[in-house]
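The structure under discussion appears below in the form of structure tokens.
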Amino acid sequence: GGVISIISKSGSSVFHGEAGTYLNTSGMNGKLALNSTSLLTPAMGTNARQVLRLKLSGVNEAETWLYNKDTYSRWDPHFQLGGPIIKENLWFWGGYTPQIENTERTVTFRSNNQTGTYTAKETTQNFVGNVTWQVTPALRAKFSGQNQPYTQAGILPAVDGTANPVTKFSGIGVRQKNVTGTAGLDWVASNRLFFSAKT
1 GGVISIISKS GSSVFHGEAG TYLNTSGMNG KLALNSTSLL TPAMGTNARQ VLRLKLSGVN
61 EAETWLYNKD TYSRWDPHFQ LGGPIIKENL WFWGGYTPQI ENTERTVTFR SNNQTGTYTA
121 KETTQNFVGN VTWQVTPALR AKFSGQNQPY TQAGILPAVD GTANPVTKFS GIGVRQKNVT
181 GTAGLDWVAS NRLFFSAKT
């Protein structure tokens, strides 16, 4: 058996901060060749995987197909700062990392052969922070919390066009809350005895 403990960063008596970002878009990926009713090959300009589907016209006839690529972007900026509230006794640390994803999809519905473009946006907010208090030289308390709300605005129809075209895709969404908090107390009773309590 074993125990794995993950401890977040804590502030110190000197201010420290950091900022950065992660970005990925569909424009950063390789281009796909045009659709064709014959199997595409790398020599024709793509290594994308084909799918086998029934033809829009005809009975029990299949064709290989390359669906249009979604227009996609994901942006993850991050910021963090830590430092003293009261030097040598009370410190703070906080971080914020949102995750923002936008996807746009153009679909031709198989039931009525109409084409439409739909968007979906997913956002996850990540707030985390803690306060550390050196109560006495032998006693330290730490309070931490995290807030991670999630929202989704709009959903995407199936890329193969089998969804119901009358569905209000842009009106469907999700909202979720996720808040957690912890408190801990560490006491060094002697050179050989240490107590730790967390809730």
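Residue numbers (this note's numbering): 1 to 199.
The beta-carbon is built from N, C-alpha and C at its ideal position, and this holds for glycine as well.
Here the structure is a predicted model, which is why all the values come from computation and not from measurement.
- Query: Under the rule that 16 or more other beta-carbon atoms within 10 Å means buried, what is Thr-132, buried or exposed?
  - Reply: Classification of Thr-132: buried, given that the 10 Å Cβ count is 16 or more.
- Query: Under the three-state reduction of DSSP, which class applies to Ser-38: helix, strand or coil?
  - Reply: Annotation note: pLDDT 44 at Ser-38 (below 50); position unreliable, no value reported.
- Euclidean distance between Cα positions of Tyr-96 and Lys-9: Approximately 13 Å, taken between the alpha carbons.
- Message: Can you check which of these residues, Glu-63, Glu-61, Arg-140, is closest to Trp-187 by C-alpha distance?
- Response: By alpha-carbon distance to Trp-187, the top candidate from Glu-63, Glu-61, Arg-140 is Arg-140.
- Query: Does the region 152-161 come close enough to the region 177-194 to have 3 or more Cβ pairs within less than 8 Å?
  - Reply: Inter-segment contact for the region 152-161 and the region 177-194 is absent: fewer than three beta-carbon pairs are separated by less than 8 Å.
- Query: Taking the alpha-carbon positions, what's the Leu-90 to Thr-136 distance?
  - Reply: One C-alpha to the other measures close to 11 Å.
- Item | Pairwise C-alpha distance: Phe-15 and Glu-104 | Between the alpha carbons of Glu-104 and Phe-15 lies a gap of roughly 41 Å.
- Task: Within 10 angstroms of the Cβ of Tyr-67, are there 16 or more other Cβ atoms? Answer buried if so, exposed if not.
- Result: Answer is buried; the Cβ neighbour count reaches 16.
- Item | Buried versus exposed, by CB contacts within 10 Å (16 or more), Gly-17 | Residue environment: Gly-17 is assigned as exposed (fewer than 16 neighbouring CB atoms within 10 Å of its CB, all protein chains considered).
- Message: Under DSSP, the beta strand (DSSP E) around Ala-120 begins and ends at which residues?
- Response: Looking at the DSSP string, the run of the beta strand (DSSP E) that includes Ala-120 is 115-124.
- State whether the region 1-8 contacts the region 72-85, with contact taken as three or more CB pairs (one from each stretch) at a distance under 8 Å. The region 1-8 is not in contact with the region 72-85.
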